[in-house]
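Each protein sequence line maps, in turn, to chains A and B. For the first sequence, the numbering used here begins at 460 and goes up steadily by one. For the second sequence, the numbering used here begins at 1003 and goes up steadily by one. Where is the CB? At the ideal position from N, CA and C, for every residue including glycine.
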Amino acid sequence: MRDADLYSWGNPWFRWSIVWLVVLTVLSLLVGFIVLPAVHSDFTAQGIWAGICRAAGVPSEWGNRGEAAVAAGPSSTNVTISAAMTRHGTSDAIGRGATIAVQQCSMCHGAQGMSVANAPNLAGQYPEVVIKQLHDYARGDRTSSFMQALAQNLSERDIADVAAYYDSLPKARTAPARYDEPAAPALVRVGDPMRNIAPCIACHGGIDHKLGTPWLEGMPKDYLVAELRDLHSGARHNDSHAQMRNMARAMTAKEIDEVADFYARREKVPER
Amino acid sequence: MFLARRLVLAHFAVAFAAFLLAIVLGEWQMYVRSPLHAWINNPEHYYRSVTAHGTVMAYVLPTLVAMGFGYAISELALKRTLIGVRWGWAGFWLVVVGTAMAALTVAAGKASVLYTFYPPMIASPLYYLGVVLVVVGSWVWVALMCINLWAWKKDNPGAAVPLAMFGNVASALLWAWTSVGAAIEVLFLILPVALGLKDTIDAGLSRVFFSWTLHAIVYFWLMPSYIAFYTIVPRAIGGRLYSDTMGRVAFVLFLVFSMPIGMHHLFADPQVGAGFKFVHAVMTALVTVPTLLTVFTIVASVEIAGRLRGGKGALGWVKALPWDNPMMLAVAFSFVMLGFGGAGGIINMSYQLNESIHNTQWVTGHFHLIFGGAIVIMYFMIAYELWPHLTRCAPLPQAIIKLQLWLWFVGMLVLSMPWHLVGLLGMPRRMAYYDYSNPALQSQAWTVTASTIGGLLLVISALLFVYVLVRARKGAATPVPFTFSLAAHPYEHTPVALNGFGLWVAMMIGLTIVNYGYPIAQLAVLKETSVPAIPIGGP
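Written out as structure tokens, the structure is:
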């Protein structure tokens, strides 16, 4: 019994193993790539070869819709968040950012990034959040008459520096939005699985912080309510892959109010 | 004889210690999402636990059992000392260090990505490096098994390789090629992102690579149990193996067909063409062939035992079987669970039927029944069989062992049958909580409680199992020499094709290239297939 005897066509084990494997493979390829696609007329409308390509997963246009169909629909965002955006800025960048911020941002967002004008607080905001929103304003993906005009005049470096400046300021803290915070509404802690609403704290900090999601604690309530309503209606649509629109769409006005109320609470507010 | 005793013992000790911790986590998961407990406030804790449970049960336990059992087989079947014991220890420590690294990272909440990784979620690199160390440690075992077989063949030219060693090396080769998919995914796609060198990841391609590993790994888990079916069960119940050749055919068929079928896990994934999904479904169907061959051969072997014990008639031999023998119980339980689990598996692999159960609790039920049930119950028997030889302990208490097996069998059915049922009703898997107050779900709440009770039985069974092993009085007896099953026709001729692996490995690689080559190449060169990574475990 030598191994060499095996690898010859005369050995029935060798011969039949190869033959059956090839027959099986070819048959299943035939069925999978030719017979089954032929059952669906749209699969093979452009000929057998096109059908084979589709069965193989080659990207193709379906039904000649072309680029026009892709281009339709409101633009969401053009920003891909990268890890580089999340890094803390150098003191040089923070200094430049502070100069720009004092001149252009402090009127609404507050001298130290804490707004008294129902604009969002920016103190301690994650840098990638500020960068993304400013880019979205500049492109018109997020709308605001003030912010679009201001953002369009900022260079790439200006934006990064402003983000670095606000990142360097201390965050507003309120009663913590954590899973073991008893005052937190259910939507904040556990979401609502039957309506596909994820818990706020799964992305906004508390359980996990996902890239690109803003720090919410201490935000002015009016701002939070306005944004959630706009996301609910689709008027605001610069969230990538409709992540927030899909959450807000299912929320009632009462729930929006409760969640905003919780995130806007200040520490000195008397207990309910 | 049996110089690798301590090496095997070390593998089993770590495997079963990890198993005990992971099974408690599993039961905790079941409990907190049942109506017996309020919603868990932090779902991340749940997914942390799922990740740890899956990583231990899918990577650590079966890998260590296969390695330890493999070293034992090498010495016991080839009747010579293991070549490369030191390398074996090095492999063992790689697995242990890797396990510790991954476990600590998961415990710290930095790797709640589930054991299937799921890009674009990205965990701490320490988790992936830990898993890589486990796999590299197992590759040492693969190499040692091949070297030991090669050396034996050189000294015994023309002799038939003992069936246990043949299955063992088939398992090692299967694992070597299987693990390449996940290794490529982790090393070239995930780790660069986890280390911060890249911000985006080709999630579709990653999933295709993982599917390369994901299904064949199941057959790597299963191989030790199949080796036990063929080479231990007939001897343990006083019978003969019906056919040695059939065992070899089953092992080589697993080698050829378990690999190029993983895309049946991707039926709902858009990045793979429907044609390839169909071909993978066909090849998956073929894995039933070695399984049914095994069921037939082992039932025939058991029948031999029944007839040797005086059983007569068409079914009289069943009554005559040694039902008070734990091995008899275990193999019967295993086959019942294999039957249900296998039938469910055929539904999973069918391209159309899969639609109705994809990502539901049905899938969880399926793999718990077939792996946790049919396979792991044989891991217990392997440990019970080898323990007297590893520790020179007195005979193990048969009554407790039988109780343990019964608890495992009943517990696994009570755990997994409700999962199958609610899976058909559409209950999604991987949920940290269900809203039982919703009228649509309220009627399904009892099934989760039932599964929790089944899980509790499994925990008790696992505690009994570890108790029996730990309390065995070491050094109290000199065991009789270990033997494997004798074939009913011990001098039957072994064809040269079934005495080596060259042809089968070539077929396995060839089929992999046919079934995976184009999808991988296409996704690798397609532009704009990457998505932003989502780091897990932020502040």
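Open item on the list: Using a Cβ-Cβ cutoff of 9 Å, what residues of the stretch 1443–1460 of chain B are near chain A? List them in chain order.
Closed with: Per Cβ criterion, the list reads L1443.
- [ ] Anything in chain A within Cβ reach of W1041 (chain B), meaning under 8 Å, just list it in chain order.
- [x] Here residue 1041 (chain B) corresponds to residue number 39 of the second sequence, with the count starting at 1. V649, listed in chain order.
Open item on the list: Mapping the DSSP letters down to three states, classify A1020 (chain B) as helix, strand or coil.
Closed with: For this step, residue 1020 (chain B) is matched to residue 18 along the second sequence. Correct three-state label for A1020 (chain B): helix.
- [ ] Closer than 7 Å by C-beta to G572 (chain A): which residues in its own chain qualify, once you throw out the five before and the five after it? Chain order, please.
- [x] For this step, residue 572 (chain A) is matched to residue 113 along the first sequence. So the qualifying residues of the chain are N580, L581, A582, Y625 and L628.
- [ ] Measure the alpha-carbon distance for G1315 (chain B) versus A1489 (chain B) and round it to whole angstroms.
- [x] For the purposes of this step, residue 1315 (chain B) is identified with residue 313 of the second sequence, where counting begins at 1. For the purposes of this step, residue 1489 (chain B) is identified with residue 487 of the second sequence, where counting begins at 1. For G1315 (chain B) and A1489 (chain B), the distance between alpha carbons rounds to 23 Å.
Task: the stretch 1223–1240 of chain B in contact with the stretch 1132–1140 of chain B per 3-pair CB rule at 8 Å - done: No, because fewer than three Cβ pairs between the stretch 1223–1240 of chain B and the stretch 1132–1140 of chain B fall closer than 8 Å, the two stretches do not touch.
Task: Residue-level contact to chain B via CB, L646 (chain A), 8 Å cutoff - done: To locate residue 646 (chain A), count along the first sequence from 1; it is residue 187. No, because no Cβ of chain B sits closer than 8 Å to the Cβ of L646 (chain A).
Task: Spatial distance of V728 (chain A) from G664 (chain A) (CA atoms) - done: In the first sequence, the residue the question calls residue 728 (chain A) occupies position 269. In the first sequence, the residue the question calls residue 664 (chain A) occupies position 205. In this prediction, V728 (chain A) scores a pLDDT of 44, lower than 50, which makes its location untrustworthy; the coordinate-derived value is nonetheless stated afterwards. When rounded, the distance between both Cα atoms is 22 Å.
Open item on the list: Could you check whether the Cβ of M460 (chain A) sits closer than 8 Å to any Cβ belonging to chain B?
Closed with: Locating residue 460 (chain A) in the first sequence gives position 1, counting from the first residue. Its pLDDT being 49, under 50, M460 (chain A) is placed unreliably by the model, and the measurement read from it follows with that caveat. Chain B, which has a Cβ nearer than 8 Å to the Cβ of M460 (chain A), makes this yes.
TODO: Assign M1003 (chain B) to one of three DSSP states: helix, strand, or coil.
DONE: Locating residue 1003 (chain B) in the second sequence gives position 1, where the first residue counts as 1. Note that M1003 (chain B) scores a pLDDT of 49, beneath 50, so its modelled location is shaky and nothing firm can be said.
Task: Against chain A: residues of the stretch 1421–1440 of chain B by CB proximity under 8 Å - done: Listed in sequence order: M1433, Y1435, Y1436, D1437 and N1440.
Open item on the list: Could you check whether A623 (chain A) and I553 (chain A) sit closer than 8 Å to each other, using their CB atoms as the reference points?
Closed with: Taking the first residue of the first sequence as position 1, residue 553 (chain A) is located at position 94. Taking the first residue of the first sequence as position 1, residue 623 (chain A) is located at position 164. Contact: yes.
Task: Residues near Y1438 (chain B) in its chain [Cβ-Cβ closer than 7 Å; skip 5 each side] - done: Stepping through the second sequence from its first residue, residue 1438 (chain B) is reached at position 436. So the qualifying residues of the chain are P1037, Q1444 and A1447.
- [ ] Measure the CB-CB distance between D617 (chain A) and N537 (chain A) and report whether it falls below 8 Å.
- [x] Mapped onto the first sequence, residue 617 (chain A) falls at position 158. Mapped onto the first sequence, residue 537 (chain A) falls at position 78. Not in contact: D617 (chain A) and N537 (chain A) (Cβ atoms no closer than 8 Å).
TODO: Specify, as a first and last residue, the run of the alpha helix (DSSP H) that F721 (chain A) falls within.
DONE: Taking the first sequence and counting its residues from 1, the one referred to as residue 721 (chain A) is at position 262. Start and end: A712 to A723.
Open item on the list: I want to verify the contact list: residues of chain B whose CB lies under 8 Å from the CB of V429 (chain A), in sequence order.
Closed with: Residue 429 (chain A) falls outside the range modelled here, since chain A spans only 460 to 731, and no answer is possible.
Task: Coil, strand or helix - V1516 (chain B) by DSSP - done: On the second sequence, position 514 is the one that residue 1516 (chain B) refers to. Correct three-state label for V1516 (chain B): helix.
Task: DSSP bridge partner residues for L1243 (chain B) (one or two, in chain order) - done: The residue given as residue 1243 (chain B) occupies position 241 in the second sequence. When DSSP reads this structure, L1243 (chain B) sits in a beta bridge with B:A1489.
- [ ] Could you check what DSSP says for H663 (chain A) in three-state terms: helix, strand or coil?
- [x] Start at 1 with the first residue of the first sequence, and residue 663 (chain A) comes out as number 204. In the displayed model, H663 (chain A) falls within a strand according to three-state DSSP.
Open item on the list: Check for me: the alpha helix (DSSP H) holding V1188 (chain B) runs from which residue to which?
Closed with: Taking the second sequence and counting its residues from 1, the one referred to as residue 1188 (chain B) is at position 186. From DSSP, V1188 (chain B) is part of no alpha helix (DSSP H); its letter is neither H nor E.
Open item on the list: Can you pull the chain A neighbours of M1248 (chain B), defined as C-beta to C-beta under 7 Å?
Closed with: Here residue 1248 (chain B) is taken as the residue at index 246 of the second sequence, counted from 1. Within chain A, no residue comes near M1248 (chain B); the closest Cβ sits about 14 Å away, beyond 7 Å.
Open item on the list: Taking its Cβ as the centre, do 16 or more other Cβ atoms sit within 10 Å of K591 (chain A), making it buried, or is it exposed?
Closed with: Numbered from 1 along the first sequence, position 132 holds the residue referred to as residue 591 (chain A). Buried, because 16 or more other Cβ atoms sit within 10 Å of the Cβ of K591 (chain A).
Open item on the list: In the DSSP output, which residue or residues are listed as bridge partners for V1533 (chain B)?
Closed with: Here the question's residue 1533 (chain B) lines up with position 531 in the second sequence. BP columns for V1533 (chain B) point to B:I1203.
TODO: Taking 8 Å as the cut-off, decide whether the C-beta atoms of F721 (chain A) and P641 (chain A) are in contact.
DONE: Sequence index remark: in the first sequence, residue 721 (chain A) carries index 262 (1-based). Sequence index remark: in the first sequence, residue 641 (chain A) carries index 182 (1-based). With contacts defined by Cβ atoms closer than 8 Å, F721 (chain A) and P641 (chain A) do not form a contacting pair.
Open item on the list: Extract the residue ranges of the alpha helix (DSSP H) inside the stretch 1358–1442 of chain B, only unbroken runs of 4 or more that lie entirely within it.
Closed with: For the stretch 1358–1442 of chain B, whole alpha helix (DSSP H) runs of length 4 or above, ordered along the chain, are 1363–1369, 1378–1393 and 1400–1427.
Task: C-beta neighbour in chain B for M456 (chain A), strict 8 Å - done: Since the displayed chain A opens at 460 and closes at 731, residue 456 (chain A) lies outside it and no answer follows.
Task: For Y1129 (chain B) and I1186 (chain B), the rounded distance between their alpha carbons - done: Here residue 1186 (chain B) refers to the residue found at position 184 of the second sequence. Here residue 1129 (chain B) refers to the residue found at position 127 of the second sequence. I1186 (chain B) and Y1129 (chain B) have their alpha carbons spaced roughly 16 Å apart.
Task: Validate contact between the stretch 1152–1166 of chain B and the stretch 1103–1121 of chain B using beta carbons, cut 8 Å, 3 pairs - done: Because the criterion of three Cβ pairs below 8 Å is not met, the stretch 1152–1166 of chain B and the stretch 1103–1121 of chain B do not touch.
Open item on the list: Between the alpha carbons of N705 (chain A) and I715 (chain A), how many angstroms are there, rounded?
Closed with: Numbered from its first residue, the first sequence carries residue 705 (chain A) at position 246. Numbered from its first residue, the first sequence carries residue 715 (chain A) at position 256. Computed Cα separation, rounded: 14 Å.
TODO: Assign M1123 (chain B) to one of three DSSP states: helix, strand, or coil.
DONE: As a first step, residue 1123 (chain B) must be located in the second sequence, where it is residue number 121. Of the three classes helix, strand and coil, the one that applies to M1123 (chain B) here is strand, per DSSP.
- [ ] Could you tell me how far apart the beta carbons of V1304 (chain B) and L1317 (chain B) are, in whole angstroms, since I believe they sit closer than 8 Å?
- [x] As a working mapping, residue 1304 (chain B) is identified with position 302 in the second sequence. As a working mapping, residue 1317 (chain B) is identified with position 315 in the second sequence. About 13 Å separates the CB atoms of V1304 (chain B) and L1317 (chain B); that is not less than 8 Å, and the two are not in contact.
TODO: Please report the Cβ distance between A1270 (chain B) and H1391 (chain B), rounded to the nearest whole angstrom; I am assuming they are in contact, meaning their Cβ atoms lie under 8 Å.
DONE: Here residue 1270 (chain B) corresponds to residue number 268 of the second sequence, with the count starting at 1. Here residue 1391 (chain B) corresponds to residue number 389 of the second sequence, with the count starting at 1. Distance from A1270 (chain B) to H1391 (chain B) at the Cβ level is roughly 47 Å; contact not present, criterion being Cβ atoms closer than 8 Å.
- [ ] Look at the Cβ atom of A1166 (chain B), then the Cβ atom of T1233 (chain B), and state whether they are nearer than 8 Å.
- [x] Here the question's residue 1166 (chain B) lines up with position 164 in the second sequence. Here the question's residue 1233 (chain B) lines up with position 231 in the second sequence. Against a cut-off of 8 Å, the Cβ pair of T1233 (chain B) and A1166 (chain B) comes out as a contact.
- [ ] Can you tell me which of the three DSSP states M460 (chain A) falls into?
- [x] To locate residue 460 (chain A), count along the first sequence from 1; it is residue 1. For M460 (chain A), the predicted structure reports a pLDDT of 49, less than 50, and the residue's modelled location is therefore unreliable. A value from the coordinates is still provided. In the structure shown, M460 (chain A) sits in coil (DSSP, three-state: anything other than H, G, I, E or B).
Open item on the list: To the nearest angstrom, how far is the alpha carbon of H1047 (chain B) from that of T1057 (chain B)?
Closed with: Counting from 1 along the second sequence, the entry for residue 1047 (chain B) is found at position 45. Counting from 1 along the second sequence, the entry for residue 1057 (chain B) is found at position 55. The alpha-carbon atoms of H1047 (chain B) and T1057 (chain B) are separated by roughly 15 Å.
- [ ] Please decide whether A1276 (chain B) counts as near chain A, where near means a Cβ-Cβ distance under 8 Å.
- [x] Against the second sequence, residue 1276 (chain B) aligns to sequence position 274. At least one chain A Cβ lies under 8 Å of A1276 (chain B).
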